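To keep things clear, I will list the structure first and then write my remarks on it.
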Ligand code: HEM
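Residue numbers (the numbering used here): 21 to 212.
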């Protein structure tokens, strides 16, 4: 029996993303219940720092730095960016006063999702579809029959590949918008 791409790969991905949403809502609720909304205001700082630290992986990948195990740095990137985003989401809370930080938050959301598609889904899904193809071929199916059988999985894979390409351009948008927000807040606080 072959299992679908959805059950084996897309579902766990959806759960991890859902966990981010649930943790944000729960955290926000707790902060409000305990009258700790001010904590959320400052969570933007550790959240941003965590995301910046997680970028060490990108420096290693592009050989800007030579030290560090790429696999552990990749783990750091995934975990750090996920946790950092959670903190920034808690920081954003449900307050709407300014448009710029919200645009930054939306860009961050797209960034996190595209990153998760790339890191969690793409490689495994590619192997999954390839495995399916080989499985059907071994069972003596003709080429068109094989392609027919993996059609929907192949379509989903194609969408994921495109989505993955969004990761770096949207990161730049996210970084510029965040920087605008952070600089304006620091000016307001008289920190710069
Ligand atoms: C050094 C990092 C950061 C600092 C110091 C900071 C600081 C602040 C401050 C002081 C506020 C106003 C809170 C209030 O209304 O009382 C705020 C709001 C907000 N920040 Fe940040 N922030 C940081 C990073 C980020 C990042 C990276 C994002 C998104 C990607 C973000 C998204 C938001 C959002 C959505 C709001 C709510 C805006 C509104 O009230 O409409 N912040 N931030």
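Even glycine gets a Cβ: it sits at the ideal position worked out from N, Cα and C. Predicted model only: the values in this text are computed from it and were never measured.
Original post:
In chain order, what residues have a CB nearer than 5 Å to some heavy atom of the ligand HEM?
Top reply: 61, 64, 65, 68, 108, 112, 115, 116, 117, 118, 121, 122, 124, 125, 128, 198, 202 and 205
Original post:
Do residue 57 and residue 51 have their C-beta atoms closer together than 8 Å?
Top reply: yes
**OP:** Decide if the region 104 to 112 is in contact with the region 125 to 135; the criterion is three or more beta carbon pairs, one per stretch, under 8 Å apart.
**Re:** The region 104 to 112 is in contact with the region 125 to 135.
**OP:** Check each candidate in 174, 133 and 158 and name the one with the smallest Cα separation from residue 145.
**Re:** 174
Original post:
How many Å lie between residue 70 and residue 61 at the Cα?
Top reply: Their Cα atoms are separated by approximately 16 Å.
**OP:** Pull up the distance between the alpha-carbon of residue 200 and that of residue 120, whole angstroms please.
**Re:** 8 Å
**OP:** Using only the heavy atoms of the ligand NAD, determine whether one of them is closer than 7 Å to the beta carbon of residue 160.
**Re:** This structure simply doesn't include the ligand NAD; it includes the ligand HEM instead.
**OP:** Determine the contact status of residue 141 and residue 30, defining contact as a CB-CB distance below 8 Å.
**Re:** Yes; because the gap between Cβ atoms is below 8 Å, this pair is in contact.
**OP:** Please work out which residues of its chain come closer than 8 Å, Cβ to Cβ, to residue 149, disregarding the five sequence neighbours upstream and downstream, and give them in chain order.
**Re:** Answer for residue 149: 25, 170, 173, 174 and 177, listed in chain order.
Original post:
Since residue 75 contacts residue 124 with CB under 8 Å, what's their CB separation in whole angstroms?
Top reply: Not confirmed; about 16 Å, so no contact.
Subject >> Alpha-carbon spacing of residue 162 relative to residue 190, whole angstroms >> reply: 41 Å
**OP:** May I have the straight-line CA-CA distance separating residue 88 from residue 44, to the nearest angstrom?
**Re:** 31 Å
Original post:
residue 216: which of 206, 157 and 182 sits nearest, CA to CA?
Top reply: Residue 216 is absent from the structure shown; the chain starts at 21 and stops at 212.
**OP:** Specify, as a first and last residue, the run of the alpha helix (DSSP H) that residue 122 falls within.
**Re:** 120 to 136
Original post:
Terminal residues of the continuous alpha helix (DSSP H) containing residue 47?
Top reply: 31 to 53
**OP:** Starting from residue 176, trace the alpha helix (DSSP H) both ways and give me its first and last residue.
**Re:** 171 to 184
Original post:
Between the C-alpha atoms of residue 117 and residue 86, what's the straight-line distance to the nearest angstrom?
Top reply: 43 Å
Original post:
Quick one, are the C-beta atoms of residue 48 and residue 113 less than 8 Å apart?
Top reply: yes
Original post:
Apart from the five residues just before and just after residue 21, which ones in its own chain have a Cβ nearer than 6 Å to its Cβ?
Top reply: Its pLDDT being 43, under 50, residue 21 is placed unreliably in this model, and the value from its coordinates should be taken loosely. Closer than 6 Å at Cβ, skipping near neighbours: no residue.
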